[in-house]
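Shown next, in structure tokens, is the structure this report addresses.
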Amino acid sequence: MVMRRRSVSSSRWLYNHYNDQYVQQVFQKQLRSRSWFKLASLQCSDNFLRPGIAVIDLGSSPGGWSQYIVNKVRNIRVVACDILPMHPIKGVNFLQGDISENKVLNFLFNLLNNKKVQVILSDMSPNISGKAEIDIPKSISLGELVVDICRNVLEINGVLVVKVFQGEGFDRYLCHIRTLFTEVKVRKPHASCVNSREVYIVAKGYKL
Ligand SMILES: C[S@@+](CC[C@H](N)C(=O)[O-])C[C@H]1O[C@@H](n2cnc3c(N)ncnc32)[C@H](O)[C@@H]1O
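Per numbering that gives the first Met the number 0: the sequence shown = residues 0 to 207.
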């Protein structure tokens, strides 16, 4: 999914968008989103998706990450969630709802038969206003929500991959993640726009 930044004029944005190598490949390979390449890059560097595991994909729509997972990894269980609808993907159990609501979280746990998972992924983004002082705190709050979800459903030694915007509050959030996991990396996949504040924290070895 590609978001328009306010500082770029719409014609320039359209020009950049359609000349973007990843956008072109999205059409050629019939992928759900440009984000597909970000997960591909993270998996290549950190190798956290393995056959036989169960994964939660938060902020899954339109489905690039879920599509990557079921197509690239054998025998993997995926439960995906987004506020927005998502066209079905074979092998993915999708729940539409806001994950910050308790009733949605409980539905998610039910879909997992109350069993813990080995990997939690979050590519969740707030609606972008273009104002750092609004967008960054919202992104960090989503990140904190994901940490709460880890407490409930991530197995010991499990992996968390979470997108957060860099800026005020990011270092504090990263320090918190470091207390919960044994190995923590901050990644900026090549497919992530250079002028975007997003980075991905890849945290392995959940301590509980
Ligand atoms: C960048 S898109 C995700 C792209 C997706 N990973 C893919 O590969 O196609 C971010 C998504 O986060 C979702 N989102 C934001 N806040 C959410 C929340 N509280 N609960 C569930 N989904 C949320 C948005 O609706 C949006 O679809």
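Glycine residues also receive a C-beta, built at the ideal position from the N, C-alpha and C atoms.
- Inclusion of Glu-132 and Lys-162 in the CB contact set at 8 Å is not warranted, their separation being larger than that value.
- One alpha carbon belongs to Ile-135, the other to Leu-173, and they sit about 14 Å apart.
- Pairing Lys-115 with Phe-47, the inter-Cα distance amounts to about 16 Å.
- The closest heavy atom of ligand 1 lies less than 7 Å from the beta carbon of Leu-141.
- Comparing alpha-carbon positions, the option among Asn-151, Val-152, Glu-143 and Gln-42 lying closest to Ile-176 turns out to be Glu-143.
- Boundaries of the alpha helix (DSSP H) around Leu-38: 35-45.
- Straight-line spacing of the CA atoms in Asn-109 and Asp-45 works out to 29 Å.
- Looking at the DSSP output, Gln-95 bridges to Asp-81.
- Annotation for Asn-156: the continuous beta strand (DSSP E) segment containing it runs 153-164.
- The three-state reading of DSSP puts Asp-19 in coil, since its state is none of H, G, I, E or B.
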